[in-house]
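Data block below; observations after.
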Amino acid sequence: MVLAGNYMQNIIDAVQRALADKNYTAALMVTLTIPDICGKMEGEKQGKRRYITWFEKYLKTKYNGFLSGKDCYALRCAILHEASEDISEQSISEILQLFYFVTNGAHCNRFSRSSFGSEQYDQKEVLTISVQNFCQDFIEAVKQWLANTASSPRVQKNLGSMFKIHEPGDQMGIIRIG
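Numbering follows the numbering used here, with no gaps: position 49 of the sequence shown is 49.
Listed below in structure tokens is the structure:
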């Protein structure tokens, strides 16, 4: 049996390397896929529901009052599909309208209908997020998820079917590739 941690560790390592390299865009994009992957490994078929459920289970207490599972799913959609921090047009968004990411510093500051002197942000529900803290919070959540699902045959089986990037010389059955 393949251990779940081996495959998820690749994702954790990718986020940590991206943060260390200050490649915050890559770190954020990979991080936002974690609830999708974990939810799918548990067998949940409906993406939106599995994402929100996973966020609420593993990150709700950390972000209570600042970020809901629905708003995080809206952020995931806006970032991954539109490269946008504006979630106001995402039908699932609950409270927030915009995110303002910083590389370091203040994390989870919410501004409600404030004036910034910028049409983009004025009078909107805005949450500032430290991308480093955000990514680290998700890493801690996935580690907790791994601990919680370590004895789940379904999760272990599904994680064993995650995609892999192979090195030259690896074998596909009896055929050596590269």
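Just so it is clear, CB atoms sit at the ideal spot from N, CA and C, and this is done for glycine as well.
Rounded C-alpha distance that separates residue i from residue j
i	j	result
V155	V142	13 Å
K60	N6	26 Å
A4	G39	Any reading at A4 needs caution, since the residue's pLDDT is 44, under 50, leaving its predicted position unreliable; the model's value is listed next. Answer to the nearest angstrom: the Cα atoms are 13 Å apart.
T33	W54	11 Å
V2	A150	Because the pLDDT at V2 is just 40, under 50, the model does not fix this residue reliably, and the value given afterwards should be weighed accordingly. V2 and A150: Cα-Cα distance of roughly 11 Å.
A83	D71	16 Å
K62	G169	44 Å
S152	D21	34 Å
E167	K45	31 Å
L80	N23	16 Å
S161	N64	34 Å
F163	K48	21 Å
N148	I165	27 Å
Contacts around residue i, its chain only, beta-carbon distance under 7 Å, and the 5 residues preceding and following it disregarded
i	result
Q144	Y58
C77	Q90
N104	S130 and Q132
L19	A27, Q132 and C135
DSSP-derived helix/strand/coil call for residue i
i	result
E140	helix
Q171	strand
L19	helix
T103	coil
L96	coil
T149	helix
I181	Given that the chain is displayed from residue 1 to residue 178, the structure contains no residue 181 and the question cannot be resolved.
CB contact flag (residue i, residue j, <7 Å)
i	j	result
F99	I129	yes
V126	F101	no
E56	G69	yes
Residue from the options with nearest C-alpha to residue i
i	options	result
A26	C72, C135, G105 and K70	C135
Y185	D36, L19 and V126	The structure shown does not extend to residue 185, since the chain is modelled only from 1 through 178, so no value can be given for it.
H107	D137, E44, R50 and I87	D137
L75	Y63, N64 and I92	I92
I11	P153, L146 and K157	L146
I95	E85, L80 and F66	F66
K157	K164, E56, H166 and M41	M41
Q16	G43, E140 and N64	E140
Beta-carbon contacts of residue i that lie in its chain and below 6 Å, excluding the five residues immediately before and after
i	result
A14	V30
S88	Q97
G43	R154
Residues near residue i by beta carbon distance below 8 Å, same chain, minus five either side
i	result
Q9	none
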